[in-house]
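Numbering that gives the first Met the number 0 puts the last residue of the sequence shown at 295; the count rises by one with no breaks.
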Amino acid sequence: MSYVIEKCTLCPRQCSARRDEQSGSGFCGAESLPRVCRIAPHMWEEPCISGTRGSGTIFFSGCTLRCVFCQNYEISRNITGKQMTPSSLADAFRRLEESGVHNINLVSPTPYIDSIIEAFSLYRPSIPVVYNTGGYERAETIRRLDGIVDIYLPDMKYIRSELSGKYSKAGDYFEYADAALHEMVRQTGKPVFNDDGMMLRGTIVRHLILPQNTRNSIDVLNYLSENFGDRILVSLMGQYTPVANAADYPEINRRITAREYDKVLSHLEQLELDGFAQQLGSAKKEYIPDFDLERD
């Protein structure tokens, strides 16, 4: 079978690129079949996702954003890794499930959503499916995942367009992330957990605090509180590490300070949003995964 996408409009860029098994001319650079860079249990997600046995992560290459501080820049900006068909992807779901992981965690999967949906039609794991994304999504694309995805794990990076344009080349980030998040929460409803505290269904919204941008973080938290309240969990992340092209932007070419972190954390606590707060000790390059498919 030949896999060709004649005019790709999966992400907000809607660049109408032609994608086949050998090449992709769109913003993300992705071919039509998934390129996978790592398949392995992952212990560094939120506690209700990683648990004691790990989250069964599948890292895809390519991305619809260009975050200048991307921790996964090795694979987000390069189409690399092993090419997989829907059938081989379904086999990966099965192997991860048999290894005992708590869930199947798809990281940056949107460019390959057609193959992913087909893979789940071939094999549906009995454990939850996690959709792990930067948040820059079309609600129409997310709607196609209704009944497939159990847990959404999106970022909400920015409210302000000047920041999203500068740091992620997506001035319309919030417009799309807002609509996509509403669709995600519509599908999952309020968070649901099993007796061991592992998440079975729901939406966890991540927010990474950037240096000198606590106002943006506070705006994001206010938005989440006003629009979703107890229908989501919030994961406040203090792991910012200046990698990729961060050195080109002096104002963010450092880790966040304790004062910046405490200011945002205090606001989170005032809003009484449920979720998680990642400590500053996580701001280390050692926590960035090793993208080596031989670990599969």
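Virtual Cβ for every residue (Gly too), placed ideally from N, Cα, C.
| Asked | Found |
| --- | --- |
| Counterpart residues of valine 233 in DSSP-defined beta bridges | Val204, Gly274 |
| Of the listed residues Asn226, Leu152, Cys66, nearest to alanine 245 (C-alpha basis) | Cys66 |
| Collapsed DSSP secondary structure at leucine 165 in the structure displayed | For clarity, residue 165 is lysine in the given sequence; the question names leucine instead. DSSP places lysine 165 in helix when its eight states are reduced to three. |
| Start and end residues, alpha helix (DSSP H) containing alanine 89 | 85-98 |
| Burial state of serine 265 (16 or more Cβ within 10 Å) | exposed |
| C-beta atoms of serine 60 and arginine 34 nearer than 8 Å | yes |
| For asparagine 221, the three-state DSSP class (helix, strand or coil) | helix |
| Opening and closing residue of the alpha helix (DSSP H) in which alanine 245 lies | That residue, alanine 245, is in no alpha helix (DSSP H); it is neither H nor E in DSSP. |
| Three-state secondary structure (DSSP) of isoleucine 4 | strand |
| Residues that DSSP places opposite glycine 23 in a beta bridge | Arg18 |
| Residues near tyrosine 2 in its chain [Cβ-Cβ closer than 6 Å; skip 5 each side] | Glu20, Ser31, Leu32 |
| Status (buried if at least 16 other CB within 10 Å, exposed otherwise) for asparagine 221 | exposed |
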